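With the numbering used here, the residue at position 63 of the sequence shown is 63, and numbering never jumps.
Every residue gets a Cβ at the ideal spot worked out from N, C-alpha and C, and that includes glycine.
Predicted model only: the values in this text are computed from it and were never measured.
Take a look at the structure below.
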Amino acid sequence: MARGPQRERPRKSRPTPERPRTPDGLEPVYGVHAVRALFARDQPPRVLWVQQGHAEQRLDDLLAQAHAAGCELKRVTREVLDALSGPAAHQGVVGFCPPLVAENETALWWRLEQWQEETPPLLLILDGITDPHNLGACLRSADAAGVHGVIVPKDKSAPLNATVRKVACGAAESVPVFQVTNLARCLEKLKQQGVWITGTAGEADTLLFEADFSGPCALVMGAEGKGMRRLTREACDGLVKLPMQGQVTSLNVSVAAGVCLFEVVRQRHTAQG
1 MARGPQRERP RKSRPTPERP RTPDGLEPVY GVHAVRALFA RDQPPRVLWV QQGHAEQRLD
61 DLLAQAHAAG CELKRVTREV LDALSGPAAH QGVVGFCPPL VAENETALWW RLEQWQEETP
121 PLLLILDGIT DPHNLGACLR SADAAGVHGV IVPKDKSAPL NATVRKVACG AAESVPVFQV
181 TNLARCLEKL KQQGVWITGT AGEADTLLFE ADFSGPCALV MGAEGKGMRR LTREACDGLV
241 KLPMQGQVTS LNVSVAAGVC LFEVVRQRHT AQG
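The following block contains the structure:
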């Protein structure tokens, strides 16, 4: 007797693993580079989870630093780290630290009033950057360029979360982030303290390389697509643009921030010598 067509058996879907319970009051920092940066800046995590097996052997130097710093160490399976990190690449290690907290306006004004460094203040202002990946990348560029502080509005700004810390690779712990209630009012007060405010806009008449960044200055970067808000734009002393040569009309905000910041570095380095 001929058999009829065979029916495929329904495949059983794997249950989604539950997110493991993490240390109370602490925030995860994912990835080898981000965790190494914590130790390098003398801000070791309080708790360190390391993947058992080959990853544990590969990270033996990191484990030694953890022991020396008195970190609580826990060896877990890859499945546990996968369930904890989700789409983020943990690379076999997760550190747990106190959450990052932005500084307030009072701290910003106090720092500027007490300025004693030889280099004039260089600030990066981010208006409407809501993607944590972009915020983390901007902080990384800011750290590399020697920015003295990043200013963000309380509303319409990405939180200082684990994604920011991973992308920033340690810069989130080293660059002060100042959170302000009214960004336009903050810019006006910065101008009163002698800080020149330069906004970035594709329709500007002045090229980035034609502007003077030798004195106290702040660069304003707006959200991709929308750019700076109207009140922010009106509070700027001037606007600059990048000399785009190809078919694209704009860059990712973190890339544009890096280009602009290192033009400031170039000008100041040239002036010194």
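Quiz item: Exposed or buried, what is V180 when buried is set at 16 or more other beta-carbons lying within 10 Å of its beta-carbon?
Solution: Buried is the call here.
Exercise. Report all residues from its chain with a CB closer than 6 Å to the CB of Q91; omit the five preceding and five following residues, and keep chain order.
Key: When the five nearest sequence neighbours on each side are left out, the beta carbons in the same chain lying within less than 6 Å of the beta carbon of Q91 are those of G31, V32, in order along the chain.
Practice problem: Report the residue ranges of all alpha helix (DSSP H) runs contained in full by the region 91-132; include only those spanning at least 4 residues, in chain order. | Solution: If you keep only unbroken alpha helix (DSSP H) runs of at least 4 residues inside the region 91-132, you get 105-113.
Practice problem: Could you work out which residue in L38, A66, T77, R41 is closest to A55 when comparing CA atoms only? | Solution: Ranking the options by Cα distance to A55, first place goes to T77.
Practice problem: Confirm, please, whether the CB-CB distance from L190 to P98 is below 9 Å. | Solution: Going by C-beta atoms, P98 is not nearer than 9 Å to L190.
Exercise. Work out the CA separation of L242 and T206 for me, nearest whole Å.
Key: Rounded to the nearest angstrom, the two C-alpha atoms are 9 Å apart.
Exercise. For my contact list, A158 and V164 are in at a C-beta cut-off of 8 Å; report their separation, rounded to the angstrom.
Key: With 8 Å as the limit, A158 and V164 qualify as a contact, their Cβ atoms being about 7 Å apart.
Quiz item: Can we say the region 132-148 touches the region 64-71, given the rule of at least three CB pairs closer than 8 Å?
Solution: No: fewer than three Cβ pairs fall under 8 Å.
Practice problem: Output the distance between the C-alpha atoms of G202 and T249, rounded to the nearest integer angstrom. | Solution: Going by the C-alpha atoms only, they are around 8 Å apart.
Self-check item: Segment contact flag, the region 136-143 with the region 228-242, C-beta cutoff 8 Å, min 3 pairs
Solution: Per the Cβ contact rule, the region 136-143 is not in contact with the region 228-242 (fewer than 3 Cβ pairs under 8 Å).
Practice problem: Kindly indicate the opening and closing residues of the beta strand (DSSP E) around L73. | Solution: In the DSSP assignment, L73 falls within the beta strand (DSSP E) that extends over 72-76.
Practice problem: Within its chain, find whatever has a CB closer than 6 Å to the CB of D237; leave out the 5 residues flanking it on each side and keep chain order. | Solution: Around D237: W196, I197.
Exercise. Take the Cβ of W49 as the centre, count every other Cβ of all protein chains shown within 10 Å, and call the residue buried at 16 or more, exposed below.
Key: In the assembly as shown, W49 is a buried residue. Its beta-carbon has 16 or more other beta-carbons within 10 Å.
Quiz item: DSSP three-state call for A218: helix, strand or coil?
Solution: Strand.
Exercise. Decide if F213 is buried, meaning its Cβ has at least 16 other Cβ atoms within 10 Å, or exposed.
Key: Its Cβ being crowded by 16 or more others within 10 Å, F213 is buried.
Quiz item: Which same chain residues, not among the five before or five after F262, have their C-beta less than 7 Å away from its C-beta?
Solution: The residues are A145.
Self-check item: Beta-bridge partners of V150, as assigned by DSSP
Solution: In DSSP, V150 forms a bridge with L124, V177.
Quiz item: Around the Cβ of A64, are there at least 16 other Cβ atoms within 10 angstroms (buried) or fewer (exposed)?
Solution: With fewer than 16 other Cβ atoms inside 10 Å of its own Cβ, A64 counts as exposed.
Quiz item: Under three-state DSSP, which class holds G258?
Solution: For G258, the secondary structure class from DSSP, reduced to helix, strand or coil, is helix.
Quiz item: Roughly how many angstroms separate the alpha carbons of D82 and P20, rounded to a whole number?
Solution: A direct Cα-to-Cα measurement between D82 and P20 gives close to 10 Å.
Quiz item: DSSP state of E203, grouped into three classes?
Solution: In the three-state scheme derived from DSSP, where H, G and I count as helix and E and B as strand, E203 is classed as coil.
Quiz item: Going by alpha carbons, who is nearest to G215 out of A257, V264, A256?
Solution: It is V264 whose Cα lies nearest to the Cα of G215.
Quiz item: For L124, which residues of its own chain have a beta-carbon under 6 Å away from its beta-carbon, when the five flanking residues on both sides are left out?
Solution: Exclusion of the five residues before and after L124 leaves A142, V147, V150, L219 as the residues of its chain whose Cβ lies within less than 6 Å of its Cβ.
Quiz item: What did DSSP end up calling T270 once you bin it into helix, strand or coil?
Solution: DSSP places T270 in helix when its eight states are reduced to three.
Quiz item: For L122 versus C217, is the C-beta distance shorter than 9 Å?
Solution: By the CB criterion at 9 Å, L122 and C217 fall inside the cutoff.
Exercise. Flag this pair as yes or no: are the beta carbons of L126 and M221 separated by less than 9 Å?
Key: Result yes, Cβ atoms of L126 and M221 sit closer than 9 Å.
Quiz item: Roughly how many angstroms separate the alpha carbons of Q57 and N161, rounded to a whole number?
Solution: Cα to Cα, the separation comes out at about 29 Å.
Exercise. Kindly list the residues whose CB is nearer than 7 Å to the CB of Q193, restricted to its own chain and excluding five residues on each side of it in sequence; keep chain order.
Key: Cβ within range, chain order: L112.
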